[in-house]
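A short write-up of the structure that comes next.
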Amino acid sequence: MNYKTLIFLPIIILISISSNVFASRAATEPQLNSIAELGRLNGVALQCSYTTQMQQIKQALVLNLPKQRALGEWFENKTNDSFMAFMNTNASCPSAVDFMQEVNAAIITLESEFKK
Numbered sequence: 001m002n003y004k005t006l007i008f009l010p011i012i013i014l015i016s017i018s019s020n021v022f023a024s025r026a027a028t029e030p031q032l033n034s035i036a037e038l039g040r041l042n043g044v045a046l047q048c049s050y051t052t053q054m055q056q057i058k059q060a061l062v063l064n065l066p067k068q069r070a071l072g073e074w075f076e077n078k079t080n081d082s083f084m085a086f087m088n089t090n091a092s093c094p095s096a097v098d099f100m101q102e103v104n105a106a107i108i109t110l111e112s113e114f115k116k
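For the record, in the sequence shown the residue sitting at position 108 is 108 according to this note's numbering, with numbers rising by one throughout.
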């Protein structure tokens, strides 16, 4: 590791930990899981260029989540994790129909978790 990495690594770790702490204060575990699932699907949609599903996911988040930065950061972190995992494993894109069904099911779960 070089000097710059040693300086920035603790900062990156702190930001990551604090994001998780704030998210856990902003929502319940099932709510965070529903957001994480949409983040996972969004990462796949980005890799597979499923633009319609990306828009559908973002619209569901806007309509159902409380306007809290921590929840948006949680979604973005899960999207990034999914995007990188998809790329690193050389995964193949699911069929558009199957993917749409997954997105719809995840949105239904998100809606039910945040209407409680």
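Glycine included, each C-beta is placed from N, C-alpha and C at the ideal position.
Here the structure is a predicted model, which is why all the values come from computation and not from measurement.
Asked	Found
Apply the 10 Å Cβ neighbour rule to isoleucine 108 and answer buried if 16 or more other Cβ atoms are within range, or exposed otherwise.	exposed
Write down the C-beta distance between glutamine 56 and valine 103 rounded to the nearest angstrom, noting that I regard them as a contact closer than 8 angstroms.	6 angstroms
What residue range is occupied by the uninterrupted alpha helix (DSSP H) comprising proline 30?	29 to 48
The alpha helix (DSSP H) spanning lysine 78 covers which residue range?	69 to 88
With a threshold of 7 angstroms on Cβ separation, who are the neighbours of methionine 54 within its own chain once the five nearest residues in sequence on each side are excluded?	Asn42, Ala45 and Leu46
With distances taken Cα to Cα, identify the nearest neighbour of glutamate 37 among Arg69, Glu76 and Thr52.	Glu76
Whose C-alpha, out of Glu113, Phe114, Ala106 and Met100, is nearest the C-alpha of serine 49?	Met100
Within this structure, are the beta carbons of glutamate 29 and asparagine 64 separated by less than 8 angstroms?	no
Would a C-beta distance cut-off of 8 angstroms place arginine 40 and lysine 78 closer than the cut-off?	yes
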